[in-house]
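Working notes, structure below.
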Amino acid sequence: MDVSNLLSAEWWIVTFGLIGILAIIFAETGLLIGFFLPGDSLLVVAGMGASAQVASAVGLDTPFPLGVLLVGAPVCAIAGAQLGHYIGAKAGPRLFARPESRLFKQEYVEKAQHYFEKFGPEKAVVLARFIPIVRTFLNPVAGMLGMDRKRFLVWNIIGGVLWTDGLLLFGYFIGSRIPNVDRYILPGAAVIILLSVIPIIREIMKNRKATRPAPPVPDPKGKHHREAAGG
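Numbering-wise (UniProt numbering), the sequence shown opens with residue 1 and increments by one.
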């Protein structure tokens, strides 16, 4: 298997089908190992796959049932995030004390915790849905930091529905209305991925500026003091 396929939403859809899409949405939001999965572009292309012209273009026998997607995707996203919260609440700091590896980085956890503290628990749970990697790690971080399970569930439902159904309907709309849109699936998926990581890039740049040591401030009296000391 070509490793580049892992970032291709079209490949995931053709290879795994409807059940695979729902399983991927669950894994990306509920399992720490699922952070690399292409959730945003997957949802958009899945919505496009519900239109007849795109379904035939990418090799699907029949279009995806839009109703099943609009119900199944948020259910899987909500269930996955709730599982992540449960894991974080039960495992606590031990979960994130593991050593660095090629897949697990402490910076992922720190970024999720940053959003949790910056926006507050409720807003962070919703906003994290639209930010790759953060949407995977924020759920267990919320559990680890003691966010109430029922309160988390309420905002989890809001964020899960907005994220999944919003992107699915967007994909279905452009798949049904734009002629020959199948030609732009891969470039479009790349643009979606790029747009979704812009917030992370901005935060990294801000953090680098914040941690950069300030230049020394010249002491206007220093020269006078040196001259006085030298007599």
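From the three backbone atoms N, C-alpha and C, an ideal C-beta is built for every residue, glycine too.
> Contact check, Ala91 vs Gly30 under 8 Å by CB: the rounded distance?
Replying inline: Counting from 1 along the sequence shown, the entry for residue 91 is found at position 91. Counting from 1 along the sequence shown, the entry for residue 30 is found at position 30. Rounded, the Cβ-Cβ distance is 14 Å, inconsistent with contact.
>> Pairs of beta-carbons, one from the region 81 to 88 and one from the region 143 to 153, closer than 8 Å: are there three or more?
In response: yes
>> Tell me the residue span of the alpha helix (DSSP H) that contains Ala174.
In response: Reading the sequence shown from its first residue, position 174 is the one you call residue 174. The residue asked about is misnamed: residue 174 is Ile in this sequence, not Ala. Taken as a continuous stretch (DSSP letters only), the alpha helix (DSSP H) holding Ile174 covers 149 to 177.
> DSSP on Gly120, reduced to helix/strand/coil?
Replying inline: Taking the first residue of the sequence shown as 1, we reach residue 120 at position 120. Here Gly120 sits in coil by DSSP.
> Quick one, are the C-beta atoms of Leu138 and Val125 less than 8 Å apart?
Replying inline: Residue numbering aside, residue 138 sits at position 138 when the sequence shown is read from its first letter. Residue numbering aside, residue 125 sits at position 125 when the sequence shown is read from its first letter. Cβ atoms of Leu138 and Val125: closer than 8 Å.
> Just to confirm, are Val45 and Gly171 a CB contact at a threshold of 8 Å?
Replying inline: As a working mapping, residue 45 is identified with position 45 in the sequence shown. As a working mapping, residue 171 is identified with position 171 in the sequence shown. Cβ atoms of Val45 and Gly171: closer than 8 Å.
>> Determine whether the beta carbon atoms of Leu169 and Gly47 lie at a separation below 8 Å.
In response: Taking the first residue of the sequence shown as 1, we reach residue 169 at position 169. Taking the first residue of the sequence shown as 1, we reach residue 47 at position 47. Yes, these two residues count as a Cβ contact at 8 Å.
>> Just verifying my parser: in three-state terms, what is the DSSP assignment at Thr136?
In response: The residue labelled residue 136 in the question sits at position 136 within the sequence shown. In this structure, Thr136 counts as helix in the three-state DSSP scheme.
> With distances taken from CA atoms, which of Arg135, Thr15, Ala27, Ile131 is nearest Cys76?
Replying inline: Position 76 of the sequence shown, counted from the first residue, corresponds to residue 76. Answer by Cα proximity: Ala27.
>> If you follow the alpha helix (DSSP H) that Ala73 is in, where does it begin and where does it stop?
In response: Translated into the one-based positions of the sequence shown, residue 73 becomes position 73. Where Ala73 is concerned, the enclosing alpha helix (DSSP H) stretches over 66 to 91.
>> Please list the terminal residues of the continuous alpha helix (DSSP H) segment that includes Asp40.
In response: The residue you call residue 40 lines up with position 40 of the sequence shown. It spans 39 to 48 - the alpha helix (DSSP H) in which Asp40 sits, taken as one unbroken run.
> By the 10 Å Cβ neighbour count, where 16 or more other Cβ atoms means buried, how is Ile19 classified, buried or exposed?
Replying inline: Within the sequence shown, residue 19 is the residue found at index 19, counting from 1. Ile19 is exposed by the Cβ-count criterion.
>> Rounding to the nearest angstrom, what Cα-Cα distance links Gln113 and Ile21 in this structure?
In response: Looking up residue 113 in the sequence shown gives position 113. Looking up residue 21 in the sequence shown gives position 21. Distance between the alpha carbons of Gln113 and Ile21 is about 28 Å.
>> Let's test the definition: count the other Cβ atoms within 10 Å of the Cβ of Arg177 and tell me whether it reaches 16, buried, or not, exposed.
In response: As a first step, residue 177 is located in the sequence shown; it is residue number 177 there, counting from the start. Answer is exposed; the Cβ neighbour count stays below 16.
>> Quick check on Thr29: does DSSP put it in helix, strand or coil?
In response: As a first step, residue 29 must be located in the sequence shown, where it is residue number 29. If DSSP states are grouped into helix, strand and coil, Thr29 belongs with the helices.
>> Helix, strand or coil for Leu60? Go by DSSP, reduced to three states.
In response: Counting from 1 along the sequence shown, the entry for residue 60 is found at position 60. If DSSP states are grouped into helix, strand and coil, Leu60 belongs with coil.
>> If you reduce the DSSP assignment to three classes, tell me which class Leu18 lands in.
In response: Mapped onto the sequence shown, residue 18 falls at position 18. It is helical.
>> I need the DSSP call for Ile24, collapsed to helix, strand or coil.
In response: As a working note, residue 24 is residue 24 in the sequence shown. In this structure, Ile24 counts as helix in the three-state DSSP scheme.
>> Helix, strand or coil for Gly143? Go by DSSP, reduced to three states.
In response: Along the sequence shown, read from residue 1 onward, the residue named residue 143 stands at position 143. Correct three-state label for Gly143: helix.
> Taking buried to mean at least 16 other C-beta atoms within 10 Å of its own C-beta, is Ser51 buried or exposed?
Replying inline: Position 51 of the sequence shown, counted from the start, is the residue given in the question as residue 51. With 16 or more other Cβ atoms within 10 Å, it is buried.
>> Beta-carbon within less than 6 Å of Ile158's beta-carbon, same chain only, minus the 5 sequence neighbours each way: which residues are those?
In response: Mapped onto the sequence shown, residue 158 falls at position 158. Correct list, in chain order: Val126.
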